[in-house]
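Chemist: Protein chains in written order, with this note's numbering: chain G, 291 to 410; chain S, 291 to 410. Note that beta-carbon positions come from the ideal geometry of N, C-alpha and C, so glycine has one too.
There are 2 protein chains.
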Amino acid sequence: MARAATTSDAFNAIAEPQRREILMLLRGGERSVTELARDLGMSQPQASKHLRVLREVGLVRVREAGKQRLYGLDARGLRPIHEWVGGFERFWNETFDRLDEYVRDLKQARQEEPPDDDDQ
Amino acid sequence: MARAATTSDAFNAIAEPQRREILMLLRGGERSVTELARDLGMSQPQASKHLRVLREVGLVRVREAGKQRLYGLDARGLRPIHEWVGGFERFWNETFDRLDEYVRDLKQARQEEPPDDDDQ
DNA sequence: TTGACGTATTCCCATATGGGCATATGATGG
DNA sequence: CCATCATATGCCCATATGGGAATACGTCAA
């Protein structure tokens with residue numbers, strides 16, 4: 291199997307930096323495809339493709355406005371991600387402690403080694 | 291260009307479900323590769339490969355213990371993700387309102403259409 | 001209808017994935 | 001040194017990516 295499709299879930303969809311930029315931009319309100327492409331410095335087809343992905347995972351919503359299509363943010367799909375990552379909040383600090391331990395162990399191990407000079 | 295490497299950042303690394311499972315499991319403490327593989331029902335090589343990715347983005351840490359290698363969580367890399375996604379927190383609810391508006395507009399548009407029966 | 005504008009889709013390519021499998025590398029105990 | 005256990009790598013494959021370019025599709029105005 292290959293890597294999971296970008297459209298398989300929000301996790302995959304937001305793994306792409308440009309798509310994250312799109313979402314950030316859309317916090318300011320709806321934008322047309324051309325506006326997005328221009329503001330983010332990408333080609334119109336690229337914008338459309340990224341928007342398709344975001345649409346398929348439900349992170350954006352389209353609204354027809356004449357010949358334009360206005361894309362708007364639908365952030366609900368980000369909530370599960372926020373919660374999942376939040377499940378590690380307690381470990382952001384604890385990890386520091388463990389790292390300290392780890393480093394201490396390393397230093398100790400070094401000291402117990404013969405005073406060899408092949409230090410790199 | 292192809293899709294960005296899974297090792298390019300934490301966003302890409304955690305896009306893979308199995309890697310998320312590994313991280314979750316590691317909240318319970320350090321595990322050896324074999325333990326991880328067994329508990330998550332994946333082959334040892336697969337576990338090693340996933341761990342390599344997580345290691346390269348700094349989400350896990352290795353510690354040698356005899357012939358085993360104990361992998362431990364280093365959740366600090368998840369914090370930026372939490373913050374980025376958290377930047378959308380306000381929109382999880384607001385989006386509902388906008389959706390309401392949207393649906394209202396749709397209904398209104400329907401009513402203004404001639405009573406055509408090609409409903410589909 | 002035709003033309004112009006705004007979007008979406010298609011085709012091509014280089015790249016790297018995740019998975020299965022075999023095997024290399026590493027460390028340990030006899 | 002050798003056999004064994006624990007991990008990491010290498011190779012093969014199918015798949016789909018993101019990007020560029022061209023083009024199809026849709027809508028509006030004249």
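Restricting to Cα atoms, I'd like to know which of 305/G, 317/G and 372/G is closest to residue 298/S.
Modeler: Closest by alpha carbon: 305/G.
Chemist: Using the three-state DSSP reduction, which class does residue 322/S fall into: helix, strand or coil?
Modeler: Reduced to three states, the DSSP call for residue 322/S is strand.
Chemist: Which residues does DSSP list as the beta-bridge partners of residue 337/G?
Modeler: DSSP, once it has assigned bridges, lists no residue as partnering residue 337/G.
Chemist: Suppose contacts are defined by Cβ-Cβ distances below 9 angstroms. Is residue 361/G in contact with residue 321/G by that definition?
Modeler: Cβ atoms of residue 361/G and residue 321/G: closer than 9 angstroms.
Chemist: With DSSP run on the structure shown, which of helix, strand or coil describes residue 327/G?
Modeler: In the structure shown, residue 327/G sits in a helix (DSSP, three-state: H, G or I).
Chemist: Give the list of continuous beta strand (DSSP E) stretches no shorter than 3 residues that lie fully inside the region 347 to 374 of chain G.
Modeler: Entirely contained in the region 347 to 374 of chain G, the beta strand (DSSP E) runs reaching 3 residues are, in chain order, 350 to 355 and 358 to 363.
Chemist: If you run the structure through DSSP and keep just helix, strand and coil, what is residue 378/S?
Modeler: Coil at residue 378/S, not helix or strand.
Chemist: Report the residues of the region 301 to 325 of chain S with a CB closer than 8 angstroms to any CB of chain G, ordered along the chain.
Modeler: Those residues of the region 301 to 325 of chain S that come within reach of chain G (Cβ to Cβ, closer than 8 angstroms) are 301, 302, 304, 305, 306, 307, 310, 313, 314 and 317.
Chemist: Please confirm if residue 379/G has its CB atom under 9 angstroms from at least one CB of chain S.
Modeler: True, the Cβ-Cβ gap to chain S drops below 9 angstroms.
Chemist: Can you list, in chain order, the residues of its chain whose CB lies under 7 angstroms from that of residue 324/G, leaving out five sequence neighbours each side?
Modeler: Result list for residue 324/G: 334, in chain order.
Chemist: Taking DSSP as the reference, what is the three-state secondary structure of residue 406/S?
Modeler: Per-residue confidence for residue 406/S stands at a pLDDT of 35, beneath the threshold of 50, marking its modelled position as unreliable; no derived number is given.
Chemist: Could you say which of 315/S, 371/S, 327/S and 359/S lies nearest to residue 302/S if we only look at CA atoms?
Modeler: Of the candidates 315/S, 371/S, 327/S and 359/S, the one whose C-alpha sits nearest the C-alpha of residue 302/S is 371/S.
Chemist: My parser needs the alpha helix (DSSP H) runs of 4 or more residues fully inside the region 296 to 321 of chain G; what are they?
Modeler: DSSP runs (the alpha helix (DSSP H)) wholly in the region 296 to 321 of chain G: 300 to 303 and 307 to 316.
Chemist: Can you pull the chain G residues whose beta carbon is under 7 angstroms from the beta carbon of residue 369/S, in chain order?
Modeler: Correct list: 382.
Chemist: Within 10 angstroms of the Cβ of residue 343/G, are there 16 or more other Cβ atoms? Answer buried if so, exposed if not.
Modeler: That one is buried.
Chemist: Specify the secondary structure class of residue 345/G as computed by DSSP and reduced to three states.
Modeler: Of the three classes helix, strand and coil, the one that applies to residue 345/G here is helix, per DSSP.
Chemist: Whose CA, out of 349/G, 296/G and 378/G, lies closest to the CA of residue 366/G?
Modeler: It is 349/G whose Cα lies nearest to the Cα of residue 366/G.
Chemist: Whole-angstrom Cβ separation of residue 347/S and residue 375/G, contact assumed at under 8 angstroms?
Modeler: Contact doesn't hold; Cβ gap of about 14 angstroms is too wide.
Chemist: Does the Cβ-Cβ distance between residue 351/S and residue 368/S come in under 9 angstroms?
Modeler: No, the pair does not count as a contact, with Cβ atoms beyond the cut-off.
Chemist: Keeping to the same chain, check which residues put their C-beta closer than 7 angstroms to that of residue 338/S; ignore five residues upstream and five downstream.
Modeler: For residue 338/S, where only same-chain residues beyond five positions count, the Cβ hits under 7 angstroms are 323.
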